[in-house]
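Accompanying notes for the structure given below.
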Amino acid sequence: MKIQGKMFLWLSVFILAVAVLYGVWSKEPVGTTALFLSFGLTVMIGYYLAFTARRVDAMAQDDKEADVADEAGEVGFFSPHSWQPLSLAIGGALAFLGVAIGWWLLYFSLPLLLIGLFGWVFEYYRGENQNQ
C-alpha cells in the first residue's frame, strides 16, 4: 500500500505544477480552480494511503520480489444471478430521462427503482436463496 500512497503524492506534485502553469499562462479561473481542487483531492488520497500503509502489514505490492499469485485469495461473494440490477438500471435511466423530458416520468421510474432496491437488498432473505 506504500506504493499507492507515493504514486498519488507524486501525482499531486504534477497536478500542482500543471495548475500553476495553467493559471499563469491562461489566466482562466475555472480551469485553474478545478486543477487546484484536483491537487487537494490527490493529496488527501495520497496521505490517507500513506498513513494507513504504516498501520497494516506489508502487502505483496510492497515487495519487489513478489509474484502475482502472492496476493491471490478470496475476493468476496458475488450473486450468480439477479434480475434486480436490471430493474434498478431501467428505473434509474427513466429517472434521469425524466429530468430532461419532464418530471412526470418519475412516476413511472420510482416504482421500478423501489422494486429493484428492495429486491436487491432482501434477495437472500426469501425464496430459494434464503440460506446462502
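The sequence shown maps to residues 27 to 158 in the numbering used here.
Glycine included, each C-beta is placed from N, C-alpha and C at the ideal position.
Quick caveat: nothing in here was measured; it's all calculated off a predicted structure.
Identify, in the order they occur along the chain, each residue of the same chain with its Cβ nearer than 7 Å to the Cβ of residue i, setting aside the five sequence neighbours on each side.
i, result
"Ser64", "Ile41"
"Gly118", "Leu139"
My output table needs one value for residue i: the three-state DSSP class, helix, strand or coil.
i, result
"Tyr151", "coil"
"Pro111", "helix"
"Glu100", "coil"
"Met70", "helix"
"Met33", "helix"
"Val82", "coil"
"Lys28", "helix"
If I measure Cβ to Cβ from residue i and keep anything under 6 Å in the same chain, skipping five residues before and after, which residues do I get?
i, result
"Ala86", "Ala92, Asp96, Glu97"
"Trp146", "Gln110"
"Ser113", "Leu138, Ile141, Gly142"
What's the C-alpha gap between residue i and residue j?
i, j, result
"Ser108", "Ile127", "30 Å"
"Asp88", "Gly31", "11 Å"
"Tyr48", "Leu37", "16 Å"
"Leu131", "Phe144", "21 Å"
"Val46", "Leu35", "17 Å"
"Val125", "Met33", "39 Å"
"Leu67", "Arg152", "42 Å"
"Phe148", "Ala121", "23 Å"
"Ala43", "Val69", "13 Å"
Notebook entry, point to check: With a cut-off of 8 Å, do at least 3 Cβ pairs link the region 66-83 to the region 93-110?
Noted result: no
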